[in-house]
Every structure is written in C-alpha cells, then in structure tokens.
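Structure, as structure tokens:
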C-alpha cells in the first residue's frame, strides 16, 4: 500500500496471501511511510481474485469500485490477564509463559491465538495436576492488543524490566496449534546450548530442535529476561487459517494441541529445576 | 481374537482403535495361534461402541447379534509396478523407493498408501524435472498385497537379493502424508552416521532427525541392501484415517505431501552422489 500510494495509486486490491485455495480473504495491517497519503487496501479471496484477473484480461477497461467501512476508534482501557504459581524456593525468579487474547474480526481466533493462551494456562495446570510445586514462580500472561500495536506486551515488558523480580525466561506460544517441532531461543550461546542439552527429554513431546532465533511479538521486548523463547509447532497449515474466517475451533487437532502444552510445560519444568 | 477364542468366546466386538471420535470403524487383520478355533471379529465405531456400552450397563442381559460376510477368495495373479531411471555411471547399483498400491475396502486408501506411491513416483519425476541424470539407477517399486501377506514385497526382496545388481538403499513411504519429520534407517552405525551428516541439507524439507530403526513392511525384507530406510512424516493424524472411510483424498495437505516427495528425493540424491 505504501508503494501504491507513493506512485499515485488510489487503492489496493491484493490477492489474499494464504496457501488455501478458497474464497476466504485474510485481514491484517498495512504500513505507510510518514509522508505518504494513505489509500484504502483490501485483501480479496483466491477465487474472487482469479475471477477479477480473468475479467480484467477480457476487458482491460474494467472499472472496480470498492468501499471500506473500517476505521480507528478512540483508545479504550484494556488489560493483560495474569495468573501465577508462586515459587517455593526462588519466588522472585519469574518464568513467564503466554499468548495473546485479542484476534481479528474474521474467524474466532482459534489458532491465532486462543491456542497459545490455553496452552500457556495448561502449563500451570499441568504443574498442579502433577502435584509439582515449582521452585521458581511460573507466571501465565495473556497479552492484550498483540495484533494492533502490542500495547499489552509493551506494558508488561516495561513492568518486568523495571521490577525487582528477575525474569529468568519468557516463553510465547503464537504460531498455531500444529504438532510440536522446535523452540527458538533468543539468548546467549551458552544458554541456548544448555537448552539444547534437554532435547532428549523434550523429544518425548515431539520437539526435535532448539535453535537460535526470535521469540515473538509478545515476549521479545522483555530485555531483562535471560532467555526469550518461542514455541514452534509445525507451521505448514498456519496460513491456511491465519486472520481469516477459516480460523475456527474445528481446525484444532486435539492431540497436536495437547502435545504443545506438554512440550511447553516440559521445557519450563527443566528451566525451573536447573535455572538458566 | 486369539485370547477370546482360547477362553471360549464366540466372537469379538472391538471399539475401533483410532484417535478420531466419530463413527467410522477401521478394518485390519487378526491373528490366531495355530490350534485356536477362529471366531468372528469386528471393529465398531466410537459412537456405536459408546452406545453399546451404555446399553449393556442399563441391561446386563443384552444380547447382540452380528453377521460377517467377509471371506477368503482363491489367490489371483497380480503384479508389482516398477519403473526406473538407469544410472549413468553405476547402472547396476540400485536405489529403490516405493509404497504399496493395495488398500482396504473402506475409504480409498489415500493416506495408506496412495500418498507413498505418488511420492515415490515424484522422486523420479523430480530428477527428470531438474534435469539430474543420476549416477546410480533409481527404481520406483509399487508393491502389491502389502495389507494382506506382503507377497509383492516378498517377491521383490527375493528378486533383489538374488540379483547380480546391488541394492544400495531401499526406501519406503508408508506412514501417511504428514509434514516431514525424520528417516528411520536399518543399517550399520557408520552408514547411519553418514546419513545423519546430511541432516543440514535434509532439514530444508523439514527433516530434523535420522534415527536407527525399522524401515517398513515393503522394503524391510531386502536383506542385501546396505540401508533399508523408512520415510517418517508427522504421524499424529495417521490413525484418524487409517483403514477407515476417513482415508479420502480430501485429507491430504498438498504442501505437507509435496515436502515429503522433496525430502525423499533429497536423501536419494545424496545417496546417489556419495554412495553408502
């Protein structure tokens, strides 16, 4: 949209960026350079895009009208949702785990990111069900406003980085409900190698790799954390659903989803027991 | 069924062994010790099983009648289907890749094992499309009668083991169309470590692990092969479909399926270039 506007275009119709050949457009955000006038931009479903393309080939003089009713509303107060199990030995050492509770208006946000929220809550629930009292405080944070400014993440990061408590690790689940694959870790190489040494344990849940990499929008800003960690499920189907009406609860595979909770809980258990 | 018959039972109704909570029973085989009289055995769908269980709780005197019409037909002649690209440098060194072309009467056998057959054919097709003339002969074998006696596999193994040609590797794809995970290799540790050293290349297609393990029913009997290899896709959904009416083409995810072909072709390319 930025380039279109810069060169005098009056609007953008974009073929929806998804791998699923259906007619469900996705939504999302566009970015503009400061001095560029903003133009309306919409994503169009695959089938409609193909229809439009063919119609344009048959009639190069084709005119398209489109009308958007989206708008910015004034800011409103909202909140992160936080729960924790207080550590028995090091209550001021915090391991956070979370997802984001906002989603787009299309679909119900099952995969992005109800999944991550529930998996994060299940980490704490698994500790309780297995009667494990963690040494460190395990804190579940459901972040608000990830999709449109990350204000919940920013507010939490500011709080955590100025707290007298110490964030040992901050884990995020925001990559869908696929089968567990890996964890990406944003930390120094010694810490990453320590986590890598736990792969034989983690592999019981399907995790075959720990790699250096970004964590995610919700915890990436917590600079004081020793490690920022992203949970990485298999992502081949993620953009079949992402930000579209396909993102419904029916697409969640219960076992793949539950293995994700188990993978996250296992890594957090190791961090709790051994520290970082 | 063997135990039921041994203790005087007159038949078996088994809750279908699947992870999917629907009413599609699976089929399969039962085994009996030599001297045990055979009794009828059927799998019942989840929903019907739950209904029967509840009915039995409410009325312990409940009688159930069931009638099977399955039977053994006389043997009929059938064939493996074989195609190959002849090697330019070592035409008598064979790398086989295959799946099985038979399936059960429920479903259409999309995941078990049309997927493995097409992926095996695609390995050869990828060599052709990329204009790679392999040094060794790449042979695609579609095995008949895997589900009920493995006679096609046995016949091929007998042929391969008595041939003047040398089977370098025999790869099988018979674990569904999920996202690529690993290869299991039945060979000596030196060979397995050589294949492991290619993981950085294989990981481009999603393969994160090479492990010592069985290959599969179709190629496991080729004793003369230096390595017998099983392609291992993610299996969490496999028993949602296995041997049931759920095994339809609609459950194949095109990209996960194609990544499988790419993974198999990549490993076979490495074996062709470097030998084992």
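Residue numbers (our numbering), protein chains in the order written: chain X, 1 to 276; chain Y, 1 to 276.
Just so it is clear, CB atoms sit at the ideal spot from N, CA and C, and this is done for glycine as well.
Buried/exposed call for residue i, threshold 16 Cβ in 10 Å
| i | result |
| --- | --- |
| residue 194 (chain X) | buried |
| residue 148 (chain X) | exposed |
| residue 20 (chain X) | buried |
| residue 104 (chain Y) | buried |
| residue 66 (chain X) | exposed |
| residue 37 (chain X) | exposed |
| residue 249 (chain X) | exposed |
| residue 180 (chain Y) | buried |
| residue 274 (chain X) | exposed |
| residue 164 (chain X) | exposed |
| residue 225 (chain Y) | buried |
| residue 97 (chain X) | buried |
| residue 83 (chain X) | exposed |
| residue 25 (chain Y) | buried |
| residue 115 (chain X) | buried |
| residue 61 (chain X) | exposed |
| residue 169 (chain X) | buried |
| residue 255 (chain Y) | exposed |
| residue 153 (chain Y) | buried |
| residue 236 (chain Y) | buried |
| residue 202 (chain Y) | buried |
| residue 78 (chain X) | exposed |
| residue 55 (chain X) | exposed |
| residue 18 (chain X) | buried |
| residue 197 (chain Y) | exposed |
| residue 86 (chain Y) | exposed |
| residue 29 (chain X) | exposed |
| residue 252 (chain Y) | buried |
| residue 88 (chain Y) | exposed |
| residue 109 (chain Y) | buried |
Nearest-angstrom Cβ-Cβ length linking residue i and residue j, presumed shorter than 8 angstroms
| i | j | result |
| --- | --- | --- |
| residue 107 (chain Y) | residue 172 (chain Y) | Not really, about 20 angstroms apart at Cβ, beyond 8 angstroms. |
| residue 80 (chain Y) | residue 141 (chain Y) | 6 angstroms |
| residue 111 (chain Y) | residue 177 (chain Y) | 6 angstroms |
| residue 33 (chain Y) | residue 14 (chain Y) | With 8 angstroms as the limit, residue 33 (chain Y) and residue 14 (chain Y) do not qualify as a contact, their Cβ atoms being about 18 angstroms apart. |
| residue 270 (chain Y) | residue 119 (chain Y) | In fact, because the Cβ distance is near 17 angstroms, the residues do not count as touching under 8 angstroms. |
| residue 183 (chain X) | residue 267 (chain X) | 6 angstroms |
| residue 161 (chain Y) | residue 223 (chain Y) | 6 angstroms |
| residue 22 (chain X) | residue 47 (chain X) | 7 angstroms |
| residue 39 (chain Y) | residue 4 (chain Y) | 6 angstroms |
| residue 101 (chain X) | residue 272 (chain X) | At roughly 25 angstroms, the Cβ-Cβ gap does not stay under 8 angstroms, so residue 101 (chain X) and residue 272 (chain X) are not in contact. |
| residue 205 (chain Y) | residue 276 (chain Y) | In fact, because the Cβ distance is near 20 angstroms, the residues do not count as touching under 8 angstroms. |
Residue range of the unbroken alpha helix (DSSP H) whose run includes residue i
| i | result |
| --- | --- |
| residue 101 (chain X) | Counting along the chain, residue 101 (chain X) falls outside any alpha helix (DSSP H), and DSSP gives it neither H nor E. |
| residue 156 (chain X) | 151 to 162 |
| residue 268 (chain X) | 254 to 274 |
| residue 116 (chain Y) | 115 to 129 |
| residue 58 (chain Y) | 46 to 58 |
| residue 222 (chain X) | Here residue 222 (chain X) belongs to no alpha helix (DSSP H), and DSSP marks it neither H nor E. |
| residue 191 (chain X) | 189 to 196 |
| residue 201 (chain X) | 199 to 202 |
Per DSSP, the bridge partner or partners of residue i
| i | result |
| --- | --- |
| residue 39 (chain X) | BP columns for residue 39 (chain X) are empty, so no partner. |
| residue 233 (chain X) | X:180 |
| residue 97 (chain Y) | Y:140 and Y:171 |
| residue 244 (chain Y) | Y:26 |
| residue 83 (chain Y) | Y:140 |
| residue 227 (chain Y) | Y:169 |
| residue 90 (chain Y) | Y:136 |
Range of the contiguous beta strand (DSSP E) that encloses residue i
| i | result |
| --- | --- |
| residue 143 (chain X) | 136 to 143 |
| residue 74 (chain X) | No beta strand (DSSP E) contains residue 74 (chain X), which DSSP labels as neither H nor E. |
| residue 183 (chain X) | 180 to 186 |
| residue 211 (chain Y) | 209 to 212 |
| residue 67 (chain Y) | Note, residue 67 (chain Y): premise wrong, no beta strand (DSSP E); not H, not E. |
| residue 168 (chain Y) | 166 to 172 |
| residue 4 (chain X) | No beta strand (DSSP E) contains residue 4 (chain X), which is instead part of the alpha helix (DSSP H) from 2 to 6. |
| residue 12 (chain Y) | 12 to 15 |
With three or more beta-carbon pairs closer than 8 angstroms as the criterion, would you say the stretch 205 to 225 of chain X touches the stretch 5 to 23 of chain Y? Judged by Cβ distances under 8 angstroms, the stretch 205 to 225 of chain X makes no contact with the stretch 5 to 23 of chain Y, as fewer than three pairs qualify.
Do the stretch 120 to 135 of chain Y and the stretch 203 to 216 of chain Y touch if we need at least three Cβ pairs shorter than 8 angstroms? No contact exists between the stretch 120 to 135 of chain Y and the stretch 203 to 216 of chain Y.
Within 8 angstroms, do at least three Cβ pairs link the stretch 163 to 181 of chain Y to the stretch 257 to 264 of chain Y? Verdict: yes, contact present.
The stretch 86 to 93 of chain Y contacting the stretch 231 to 245 of chain Y, beta-carbon criterion three pairs below 8 angstroms: Because the criterion of three Cβ pairs below 8 angstroms is not met, the stretch 86 to 93 of chain Y and the stretch 231 to 245 of chain Y do not touch.
Which residues, in order along the stretch 243 to 264 of chain Y, keep a beta-carbon less than 9 angstroms from a beta-carbon of chain C? No chain C appears in this structure, whose protein chains are X and Y.
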